[in-house]
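Visitor: Numbering (the UniProt record's numbering), first residue to last: 1 to 351.
1. In the DSSP assignment, what are the bridge partners of residue 57?
2. Could you tell me the distance, in whole angstroms, from the CA atom of residue 52 to the CA atom of residue 114?
3. Are at least three pairs of beta-carbons, each pair with one atom in the segment 300-317 and one in the segment 220-231, less than 8 Å apart?
4. Per DSSP, which residues does residue 222 bridge with? Please list them.
5. Considering just the uninterrupted stretch of the alpha helix (DSSP H) at residue 81, what are its terminal residues?
6. Using 8 Å as the Cβ pair cut-off and three pairs as the minimum, do the segment 89-105 and the segment 126-146 touch?
7. According to DSSP, is residue 249 part of a helix, a strand, or is it coil?
8. Does DSSP put residue 209 in a helix, a strand or coil?
9. By how many angstroms is the C-alpha of residue 230 removed from the C-alpha of residue 366?
10. For residue 275, is the classification buried or exposed, using 16 other Cβ atoms within 10 angstroms of its Cβ as the cut-off for buried?
11. Starting from the C-beta of residue 267, find all residues in its chain whose C-beta is less than 8 Å away, skip the five residues before and the five after it, and write them out in chain order.
12. Over the uninterrupted alpha helix (DSSP H) stretch that includes residue 120, give me the two end residues.
13. Using the three-state DSSP reduction, which class does residue 232 fall into: helix, strand or coil?
14. Look at the Cβ atom of residue 12, then the Cβ atom of residue 277, and state whether they are nearer than 8 Å.
15. Tell me which residue opens and which closes the beta strand (DSSP E) that residue 287 is part of.
16. Applying the criterion that 16 or more other CB atoms from any shown protein chain within 10 Å of the CB defines a buried residue, is residue 17 buried or exposed?
As structure tokens, this is what we get:
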């Protein structure tokens with residue numbers, strides 16, 4: 001069995017102050033139009049797929065309250081922004097797991113806008129791809145080998161079986177029991193034919209199949225002391241952790257998924273860790289683009305957290321001031337903050 005290995009990058013070199021003026025306008029605002037990041041198509045819109053509204057934001061109606069983050073256009077744009085960032089960061093790789101050359105069945109749990117599932121369905125046209133999410137926000141014009149299901153991934157598994165690859169991204173912080181979800185992906189569970197007669201009653205993952213969980217660490221890290229531990233941006237992530245805990249969730253669950261994966265029965269667990277700059281402070285141009293993606297995603301996250309989670313720990317008037325201070329840090333190129341992007345991989349043992 002391969003030894004579990006964790007890799008990471010060296011510190012990111014910041015751009016020199018005298019070089020900043022030359023690169024301030026290198027990225028056009030139009031580069032970050034979400035329409036260019038995802039498929040141009042009509043969203044699902046049927047009478048059975050309704051939404052709930054709170055504090056000016058839209059949320060999923062099915063199992064309302066399970067996921068405390070909006071599902072409206074602003075949040076969908078943020079989801080697609082993170083996908084674009086991930087592709088730049090990984091040089092176009094949708095995953096790092098050494099899956100079989102020609103996978104036949106792939107599932108994306110908590111698929112969000114479905115953008116990863118769409119890309120992987122295009123990459124493997126002979127594979128059957130399923131995307132599952134609480135919100136019916138995925139496009140209807142998708143590859144013919146892809147389907148989307150509205151479901152709660154923390155419920156009993158109802159999505160079929162014999163998968164070659166299971167993918168999850170940016171969802172671990174919002175799960176109340178990640179071990180349960182991972183175990184359901186791994187174990188044999190009989191599915192009642194009268195509930196889902198079209199689904200196969202079989203092991204959810206094939207022996208030798210892989211699972212990959214991609215997560216940002218949800219904290220503002222800094223290697224050179226330019227961001228103090230009590231700085232507003234750092235305090236935003238810490239306060240967000242407290243707010244999310246009030247929903248019974250672990251905001252920084254993505255930092256260490258080795259134990260949950262191993263408890264669920266996976267072997268050959270390993271993790272690849274990459275540093276992602278927050279903002280355009282890096283010397284390397286590609287990292288500046290990646291940093292701009294993340295900076296935009298974090299800025300949009302302020303609003304998503306303000307609408308519901310932060311109200312658990314702060315008064316509305318406090319939130320406005322709190323986020324204004326955090327946004328100043330976010331826009332300060334003298335602050336060299338970054339998040340860590342974790343790529344956790346595990347394999348179902350060969351029989």
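From the three backbone atoms N, C-alpha and C, an ideal C-beta is built for every residue, glycine too.
Guide: On the basis of the coordinates in this document:
1. As a first step, residue 57 is located in the chain shown; it is residue number 57 there, counting from the start. Paired residues: 54.
2. Your numbering for residue 52 matches position 52 in the chain shown. Your numbering for residue 114 matches position 114 in the chain shown. Those two C-alpha atoms are separated by around 20 Å.
3. Because the criterion of three Cβ pairs below 8 Å is not met, the segment 300-317 and the segment 220-231 do not touch.
4. In the chain shown, counting from the first residue as 1, residue 222 sits at position 222. Partner(s): 337.
5. To locate residue 81, count along the chain shown from 1; it is residue 81. Taken as a continuous stretch (DSSP letters only), the alpha helix (DSSP H) holding residue 81 covers 73-89.
6. At 8 Å Cβ cutoff, the stretches touch.
7. For the purposes of this step, residue 249 is taken as the residue at position 249 of the chain shown. If DSSP states are grouped into helix, strand and coil, residue 249 belongs with coil.
8. Residue 209 sits at position 209 when you count from the first residue of the chain shown. Residue state, collapsed to three classes: strand.
9. In this structure the chain extends from 1 to 351, so residue 366 is not present and cannot be described.
10. Sequence index remark: in the chain shown, residue 275 carries index 275 (1-based). Under this definition residue 275 is a buried residue.
11. In the chain shown, counting from the first residue as 1, residue 267 sits at position 267. So the qualifying residues of the chain are 1, 346, 347, 348 and 349.
12. Working through the chain shown from its first residue, we reach residue 120 at position 120. Counting along the chain, the alpha helix (DSSP H) containing residue 120 begins and ends at 115-123.
13. Position 232 of the chain shown, counted from the first residue, corresponds to residue 232. Note: residue 232 maps to helix in three-state DSSP.
14. Residue mapping note: residue 12 aligns to position 12 of the chain shown, counting from 1. Residue mapping note: residue 277 aligns to position 277 of the chain shown, counting from 1. Yes; because the gap between Cβ atoms is below 8 Å, this pair is in contact.
15. The sequence position of residue 287 within the chain shown is 287, counting from 1. Segment 285-307 is the alpha helix (DSSP H) holding residue 287; no beta strand (DSSP E) there.
16. As a first step, residue 17 must be located in the chain shown, where it is residue number 17. Per the 10 Å Cβ criterion, exposed.
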